[in-house]
Structure formats: C-alpha cells, structure tokens
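Let me begin by presenting the structure, written as structure tokens, before commenting on it.
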Ligand code: BGC
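Residue numbers (this note's numbering): 6 to 727.
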C-alpha cells in the first residue's frame with residue numbers, strides 16, 4: 006500500500022527475442038487503427054472528450070459507455086501491483102489483492118541482467134492484467150545524482166547506459182501482456198527535497214547525455230505507451246507543461262504516440278499544460294471536476310484558448326493506448342502469484358546480491374564447522390514490501406533472512422536471534438524515531454552475549470522502507486538506528502562476524518570496510534529475499550551482483566555535494582557537475598570511492614585476456630565488436646559481468662575519463678573459458694554538440710577498456726574512427 010498521510014500533494018526464464026519483437030510490432034501504429042480512432046473521436050461530444058482527460062478516482066479515468074470505450078485503470082508500480090485503495094488512500098481491505106513483491110529498482114540494476122528486467126516486467130504485467138490494471142506506473146529510472154535521494158531504491162543507477170538497457174526490457178516485458186508501461190519521472194526528478202517546486206537548471210548536453218537516454222530508449226526502442234511527467238520544473242517550467250520536453254523532444258523528435266500522464270497532483274495549469282503536451286491529469290484529491298483538465302479545460306476550449314485539435318489529439322492518444330491495453334483483442338489471461346513469478350523474484354534477488362568483502366573466505370559458509378549461529382539485527386526479521394511514503398505491495402508472502410536461514414539450517418545448526426536495534430522509524434506515516442538515536446544498550450548487550458556464545462554471528466543491518474522513502478531525502482549517509490555501535494560490539498565479541506547490509510542506496514560503511522573481514526550488500530529483495538540471501542551465504546548461489554552506483558567514501562566527494570549543488574537554494578538547483586555524474590566524476594577527478602561503480606566479488610576468480618576488436622578502424626554507421634577471453638579460475642561456476650568502457654583522449658569537448666558503452670553477463674563453469682563478444686554502435690561514441698544540436702562522433706583514436714568494474718580494468722585496446 007502507498008501509505009499516504011496527506012492526499013497526494015503533493016517462461017519464462019528465457020523468453021525469447023521473438024517475444025520481444027512481437028511486443029514491439031504490436032505498438033506500430035497501423036493506419037487502420039488510426040482511422041478507426043479518428044472515426045470514434047468524431048462521435049464524441051466535447052464533454053465526453055474532456056471527461057477522458059482527467060482522473061475520476063485515485064488511479065482511474067472515465068470511459069464513455071455509450072460508445073463502448075473503457076476507462077483507464079492505472080496502478081503502481083515498481084515493486085509489484087499495489088493493493089487496491091479507496092478514496093483517501095486507505096486500503097480497500099480486499100482479500101484478492103495480495104501480489105508478488107518484486108525486488109526494488111536498484112536491486113534489479115545490480116543484476117546487470119536485461120533478461121531479468123524483461124522477466125520482471127513480464128511477470129508484473131501478468132499480475133496487472135489479472136487485476137485489470139491497464140497502465141503500470143513503472144519502471145522508474147531517474148538517475149542517481151545524489152546518493153541521498155529518497156527514491157534511489159526505486160530507481161536503477163547512476164549510469165544512463167545501464168539504465169537504458171534495463172528500462173527497455175522492463176517496458177517490453179510489461180507490454181508483452183498488453184499492459185502499458187508508464188516510464189517515470191520525466192525528467193530530472195533526482196531529489197525528493199522540494200520536488201514539487203524545485204527548478205532544475207541543467208545544460209543541454211548534460212540533459213541529452215545523462216538524463217534523457219533511458220527515456221529515449223524506452224520510447225524509441227521499448228515503445229513505451231505512456232510516460233509520467235515529473236513534479237519538478239526544468240529550466241523554469243514545470244515538466245507537466247514543458248513545451249520543449251513534451252512537444253519538441255518527446256512527441257517531436259522521439260515520435261511518441263502514447264499518453265503523457267501527470268504525476269499525481271503534478272499539474273499546475275490548464276491552458277499551458279494542455280497546449281504544451283500533457284494529455285492526462287491525475288491526482289489524489291476527490292474533487293475531480295475541479296481538476297485543471299476538467300471544467301476549466303472545457304471552458305478553455307469554449308473560449309478558444311485551447312483548440313479542438315489539441316483536445317482531439319489527446320483523445321486519440323488515449324484511445325490508441327486503450328486499443329493496446331484494456332480494449333485489445335485476445336489479450337493474455339493474466340496470472341497472480343504463480344511459482345514462475347516467485348522464481349523470477351528469486352533469480353533477480355540471487356543475481357543482485359553484492360559480495361563486498363570476503364577476506365577470510367568465510368563465505369560460502371562451511372556448515373559442517375558451525376554448530377551454533379547468532380542471527381542479529383532488525384533487518385533479519387524486517388519485511389520490506391510496505392513502508393514509508395510511496396508505492397508498495399501487499400505481499401502474498403515475504404521470506405525474511407532469519408526465516409531463510411532457519412529453513413536451510415534449522416535442523417543442523419542451533420540458530421538464535423537477537424534484534425540488536427529497533428528499525429522503527431515511522432508509524433502511520435509520522436516519524437516516531439530519529440535515525441540518529443543512539444543504540445539501545447540493553448539490545449546491544451543481549452546481542453553481544455548471544456554472539457559470544459555461538460560459533461558465528463551474522464549481522465543484518467542497513468536501511469528499511471520507512472527510512473528510505475518517497476517524499477524526502479536522507480539527511481546523510483550514516484547508518485541509522487545506532488547500527489555502527491552494534492556492529493562494533495558484536496564484531497569484538499565474535500571473530501567470525503559476517504555483516505550483511507540491506508539498503509536501496511549507498512550508505513557510509515567505511516568503518517565496517519576497515520574493521521570487518523566479511524561484508525555482503527543486499528537490497529529490498531522481494532518475496533524471496535530470505536531464500537536468496539541464505540542460498541548466497543551457503544554457496545548455492547555464487548554472488549554476481551555489481552554495484553549500480555558509486556559508494557562515496559564521504560558524501561562531500563559526490564559531485565552534487567562537492568560542488569554544493571544539492572538540494573539548491575531558493576528552489577533553484579544547478580546541476581553544476583554537468584555530465585560528470587557518478588563514476589564519471591570520481592574517475593575524471595581521481596577521487597577514490599569507498600566502493601566503485603560496477604564492483605562486486607564472486608566465490609570464484611576470473612582471468613581476462615586478449616581483448617580484440619574485429620577491425621582496427623571503423624566508420625560511422627558500423628558496429629565495433631570486441632571480444633575478450635575470460636577464464637573461471639576457481640572451483641565454482643559463476644556469472645561474470647564484462648563491462649566495456651570507452652575513453653577518448655584529446656577530445657574537442659570535456660569528456661569523462663571513461664563511460665560504460667557495453668556489458669554482458671555470462672555464466673562460466675568452473676575451470677572453463679568463455680569468449681565474450683560485445684558490440685558498440687560507433688554512433689554511441691558521440692557527444693551532444695550544443696552548437697549544432699546534433700550528436701557528433703569525433704574521428705580519431707578511442708580506447709576500449711574491459712574490466713570487472715569501473716576501476717578494475719583488465720584489458721585495453723585502441724581503435725580508430727574515421
Ligand atoms: C509518485 C508516482 C506514483 C504516483 C501514484 C506519486 O506521488 O511520484 O511515482 O506513481 O504518486 O501513486
């Protein structure tokens with residue numbers, strides 16, 4: 006459930022390329038469909054048309070019964086199909102709306118696996134269809150500009166290329182079920198502080214190279230049928246009434262055929278919004294006839310401020326989406342909570358967990374030497390499907406880490422639990438605890454006594470869905486709830502202490518990195534959370550997750566913070582770091598992060614050799630193909646993510662030290678070797694030239710860097726571009 010205290014201000018595993026293609030062709034606008042829609046538009050009265058352009062319920066819009074036109078039913082969102090709500094956002098208390106809880110966005114991104122993004126979308130689309138929700142308000146993939154953004158956990162990463170590859174597949178997956186994806190939030194909604202009023206000043210090159218690519222890819226490659234405008238302003242104009250963004254770029258350059266939907270309560274005008282590209286006004290308040298796109302729009306048409314052509318175009322778009330979704334012919338049947346959906350959740354969780362440190366090779370656990378185990382920390386029993394202000398799911402089930410460990414080890418190992426700290430932060434939407442509250446000494450003492458009496462201690466700490474939330478940013482990166490005190494005390498009490506940090510965004514775990522030998526990073530990992538974590542700790546899963554964003558050693562090292570460009574002053578935020586977001590900044594400025602973008606260990610080792618390109622010289626219009634050989638040097642089969650970065654020396658414009666241009670995740674059996682080939686269209690080496698408003702590929706030398714993270718480059722090769 007989305008816990009709102011105020012009305013909103015404010016397959017399967019291998020679904021083939023053929024299925025993807027199918028989803029794509031369905032969206033091609035057949036002239037016949039356009040003609041059919043035009044004929045319907047002619048039959049509608051102005052009042053009926055206006056009734057289709059604004060909400061008539063929290064998530065719904067009106068249809069036109071007399072012509073057999075259905076309304077639109079939307080629903081959140083990235084974690085799965087949320088429970089039904091009644092007016093005012095309270096639960097509708099149904100018994101039929103429990104759903105699969107999918108891993109959060111940054112978990113999906115940490116898999117670096119677009120196939121899993123497709124399965125995530127496909128399965129969520131099936132659940133949406135079963136629940137008759139025809140527009141899923143997902144995926145969400147605003148760039149992680151600051152690690153503090155409250156929605157970092159919902160979003161993907163700091164890199165536009167990783168974002169794009171995942172977003173396209175998530176969209177295709179959802180839409181394979183004749184359910185529209187609604188990609189959000191368009192655009193530069195990179196902080197929650199003052200999101201409803203803040204004006205983002207970002208230069209054109211940065212907008213094009215960093216903040217727009219995943220939206221462009223989801224529209225042009227993924228064929229997303231709907232998009233949500235962001236709450237904030239871009240260059241002085243609200244995104245929901247931004248002619249440049251909506252009419253020129255989205256509908257003009259990208260030829261978007263679908264609906265621009267406002268974020269809930271994010272419309273600020275009638276005439277400007279209608280003429281500048283918004284199609285549908287959504288919100289949370291019940292006075293639906295007072296909406297900007299209700300009576301006021303009707304009056305604006307009557308007084309000639311908004312033309313009938315503009316209204317007809319919006320209605321055409323809505324009908325076009327309806328014909329692809331609620332009114333599509335022979336749609337799939339839809340399914341809820343199937344074993345296949347659980348398997349998708351498990352697979353995403355399994356590939357998302359990041360092994361940060363394993364200095365004593367304590368992992369995978371050698372269970373024959375463990376008789377007793379202390380499981381310590383609130384996050385061992387906390388659930389994450391609901392919480393905070395924002396989308397959540399009434400999960401059919403959620404396996405906690407403690408339950409996961411008990412189900413696997415309970416018969417052979419004496420497992421005892423101590424809570425260690427209280428993760429209680431909000432209750433009924435209100436803050437009840439300060440995250441800075443010192444550790445509870447009685448809880449720490451209990452945890453220490455337990456750790457002393459057992460062979461091993463596993464600590465589960467980190468954030469939770471109350472602490473990381475829509476509507477607010479974190480104040481800093483520190484671990485909340487006195488967790489550091491608990492870690493220090495338990496580590497001193499038991500030498501075999503493993504720390505598992507659960508969160509959706511970077512935290513300051515510098516002291517843990519310094520003092521602890523074994524560290525695992527995990528996420529809000531869906532219904533199968535505890536099963537996947539337990540299997541990873543026990544070695545049934547060989548960790549292959551990679552960080553989708555940089556963990557700074559200190560907040561002030563992050564670009565927006567280093568330049569004092571967050572959260573802005575007087576409601577103005579200047580993106581002073583320009584294109585140097587995330588690792589682009591850290592690498593170019595030679596700042597050592599705590600953990601770098603793309604980082605993650607495995608239970609096995611990989612040796613890279615022989616990076617080669619098919620040719621030495623390429624023309625624009627060609628694809629660079631690069632092959633690198635990787636040997637799995639250890640005892641476990643493992644999935645390695647080859648990351649290919651490109652660097653351009655002597656450019657006419659400022660360039661980041663390196664940029665991710667390709668990646669591929671491959672399964673390599675123990676002791677075996679794989680040749681991994683990736684392909685980069687030469688056009689993707691372009692920078693955006695603000696003088697000509699064109700993408701320019703500079704001729705000359707480019708360095709290709711193949712590695713297992715942004716800072717662990719194993720092989721390099723140079724090519725020429727004519
Ligand atoms: C969020 C959207 C969400 C909508 C409906 C807004 O507050 O920004 O992401 O889809 O509410 O719940």
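For glycine and all other residues, C-beta sits at the position ideal for the given N, C-alpha and C.
- Item | When 642, 513 and 75 are compared against residue 326, the one with the closest alpha-carbon | As a working note, residue 326 is residue 321 in the chain shown. The residue with the shortest Cα to Cα distance from residue 326 is 75.
- Message: Is the beta carbon of residue 724 closer than 8 Å to that of residue 707?
- Response: In the chain shown, the residue the question calls residue 707 occupies position 702. In the chain shown, the residue the question calls residue 724 occupies position 719. Cβ atoms of residue 707 and residue 724: closer than 8 Å.
- Item | For residue 431, three-class secondary structure by DSSP | Here residue 431 corresponds to residue number 426 of the chain shown, with the count starting at 1. If DSSP states are grouped into helix, strand and coil, residue 431 belongs with the strands.
- What residue does the alpha helix (DSSP H) around residue 558 start on, and which one ends it? Indexing the chain shown from 1 puts residue 558 at position 553. Careful: residue 558 lies outside any alpha helix (DSSP H) and carries neither H nor E.
- Query: Are residue 239 and residue 193 close, meaning C-beta to C-beta below 8 Å?
  - Reply: For the purposes of this step, residue 239 is taken as residue 234 along the chain shown, with counting starting at 1. For the purposes of this step, residue 193 is taken as residue 188 along the chain shown, with counting starting at 1. It is a contact, given that the beta carbons lie within the stated cut-off.
- Query: Mapping DSSP to helix, strand and coil, what is residue 244?
  - Reply: Against the chain shown, residue 244 aligns to sequence position 239. Of the three classes helix, strand and coil, the one that applies to residue 244 here is helix, per DSSP.
- Query: Helix, strand or coil: how does DSSP classify residue 107 here?
  - Reply: Here residue 107 refers to the residue found at position 102 of the chain shown. Three-state result, residue 107: coil.
- Query: Is the stretch 613-624 touching the stretch 656-665 in the sense that three or more CB pairs, one from each, lie closer than 8 Å?
  - Reply: Touching, no.
- Query: For the beta strand (DSSP E) that contains residue 705, what are its first and last residues?
  - Reply: Numbered from its first residue, the chain shown carries residue 705 at position 700. From DSSP, the beta strand (DSSP E) with residue 705 extends over 705-714.
- Item | Three-state class that DSSP yields for residue 273 in the structure shown | Stepping through the chain shown from its first residue, residue 273 is reached at position 268. DSSP places residue 273 in coil when its eight states are reduced to three.
- Is the stretch 337-348 close to the stretch 130-144, with three or more CB pairs under 8 Å? By the Cβ criterion, the stretch 337-348 is in contact with the stretch 130-144, since at least three pairs of Cβ atoms, one from each stretch, lie closer than 8 Å.
- Query: Does the Cβ of residue 269 lie closer than 7 Å to at least one heavy atom of the ligand BGC?
  - Reply: By 1-based counting over the chain shown, the position of residue 269 is 264. Yes, the Cβ of residue 269 comes within 7 Å of a heavy atom of the ligand BGC.
- How would you call residue 231, buried or exposed, if buried means at least 16 neighbouring beta carbons within 10 angstroms? Position 226 of the chain shown, counted from the start, is the residue given in the question as residue 231. Classification for residue 231: buried.
- In the structure shown, what three-state DSSP assignment does residue 26 receive? Position 21 of the chain shown, counting from 1, holds the residue named residue 26. Residue placement at residue 26 is flagged as unreliable, the pLDDT there being 33, under the threshold of 50; the coordinate-derived value follows with that caveat. Residue 26 falls in the helix class under three-state DSSP.
- Query: Could you give the uninterrupted runs of the beta strand (DSSP E) lying entirely in the stretch 349-412, keeping only those of 3 residues or more?
  - Reply: 359-363 and 377-381
- Cβ of residue 142 versus every heavy atom of the ligand BGC: is any distance shorter than 7 Å? Taking the first residue of the chain shown as position 1, residue 142 is located at position 137. Residue 142 Cβ: within cutoff of the ligand BGC.
- Message: Please report the distance separating the alpha-carbon of residue 507 from that of residue 417.
- Response: Residue 507 sits at position 502 when you count from the first residue of the chain shown. Residue 417 sits at position 412 when you count from the first residue of the chain shown. Straight-line measurement puts the Cα of residue 417 at about 26 Å from the Cα of residue 507.
- In three-state terms, what does DSSP make of residue 591? Counting from 1 along the chain shown, the entry for residue 591 is found at position 586. Helix at residue 591.
- Determine the extent of the alpha helix (DSSP H) in which residue 120 is found, giving its start and end residues. Against the chain shown, residue 120 aligns to sequence position 115. Its alpha helix (DSSP H) spans residues 119-135.
- Message: What would DSSP say about residue 293, mapped onto helix, strand or coil?
- Response: What you label residue 293 is simply residue 288 of the chain shown in a count that begins at 1. DSSP places residue 293 in helix when its eight states are reduced to three.
- Under 8 Å by Cβ, that's how I've got residue 387 and residue 42 pegged, so tell me the actual separation to the nearest angstrom. The residue labelled residue 387 in the question sits at position 382 within the chain shown. The residue labelled residue 42 in the question sits at position 37 within the chain shown. Contact between residue 387 and residue 42 is absent: CB atoms are separated by about 49 Å, not below the 8 Å threshold.
- Message: Assuming the contact rule is C-beta atoms closer than 8 Å, residue 511 and residue 357 should be a hit. Round their C-beta distance to whole Å, please.
- Response: Numbered from 1 along the chain shown, position 506 holds the residue referred to as residue 511. Numbered from 1 along the chain shown, position 352 holds the residue referred to as residue 357. In fact, because the Cβ distance is near 15 Å, the residues do not count as touching under 8 Å.
- Message: Any heavy atom of the ligand BGC inside 7 Å of the beta-carbon of residue 229?
- Response: What you label residue 229 is simply residue 224 of the chain shown in a count that begins at 1. Checking the Cβ of residue 229 against the ligand BGC gives no.
- Assign residue 20 to one of three DSSP states: helix, strand, or coil. Here residue 20 refers to the residue found at position 15 when the chain shown is read from its first residue. Its pLDDT being 38, under 50, residue 20 is placed unreliably by the model, and nothing is read from it.
- Stretch pair the stretch 537-548 + the stretch 360-375: three plus CB contacts closer than 8 Å: Enough Cβ pairs lie closer than 8 Å, so yes.
- Task: Could you say which of 660, 667, 635 and 38 lies nearest to residue 2 if we only look at CA atoms?
- Result: Outside the displayed span of the chain (6 to 727) sits residue 2, for which this structure offers no information.
- Taking contact to mean at least 3 C-beta pairs separated by less than 8 Å, is the stretch 405-415 in contact with the stretch 521-535? yes
- Can you tell me which of 462, 297 and 672 puts its alpha carbon nearest to the alpha carbon of residue 376? Position 371 of the chain shown, counting from 1, holds the residue named residue 376. Of the listed residues, the one whose Cα sits closest to residue 376 is 462.
- If we ignore side chains and look at the alpha-carbon of each, how far apart do residue 640 and residue 546 end up? In the chain shown, the residue the question calls residue 640 occupies position 635. In the chain shown, the residue the question calls residue 546 occupies position 541. Spanning the two alpha carbons is a distance of roughly 13 Å.
- Where residue 686 falls: helix, strand or coil (DSSP): Against the chain shown, residue 686 aligns to sequence position 681. The answer is strand: DSSP assigns residue 686 an E or B state.
- Any heavy atom of the ligand BGC closer than 7 Å to the CB of residue 104? As a first step, residue 104 must be located in the chain shown, where it is residue number 99. No, the Cβ of residue 104 stays beyond 7 Å of every heavy atom of the ligand BGC.
- Item | Separation of residue 383 from residue 373, as counted between CA atoms | Counted from its first residue, the chain shown places residue 373 at position 368. Counted from its first residue, the chain shown places residue 383 at position 378. Using only the alpha carbons, I get a separation of about 27 Å.
- Message: In this structure, how does DSSP classify residue 230 when only helix, strand and coil are distinguished?
- Response: In the chain shown, the residue the question calls residue 230 occupies position 225. In this structure, residue 230 counts as coil in the three-state DSSP scheme.
- Cβ-based burial, residue 352 [other Cβ within 10 Å; buried from 16]: Position 347 of the chain shown, counted from the first residue, corresponds to residue 352. Under this definition residue 352 is a buried residue.
- Message: Below 8 Å on the Cβ atoms is my contact criterion, and I expect residue 288 with residue 270 to pass it. Report the Cβ-Cβ distance as a whole number of Å.
- Response: If you number the chain shown from 1, residue 288 lands on position 283. If you number the chain shown from 1, residue 270 lands on position 265. 4 Å between Cβ atoms; contact.
- Message: Under 7 Å: does the beta carbon of residue 82 sit that close to some heavy atom of the ligand BGC?
- Response: Counted from its first residue, the chain shown places residue 82 at position 77. Result yes, Cβ under 7 Å from the ligand BGC.
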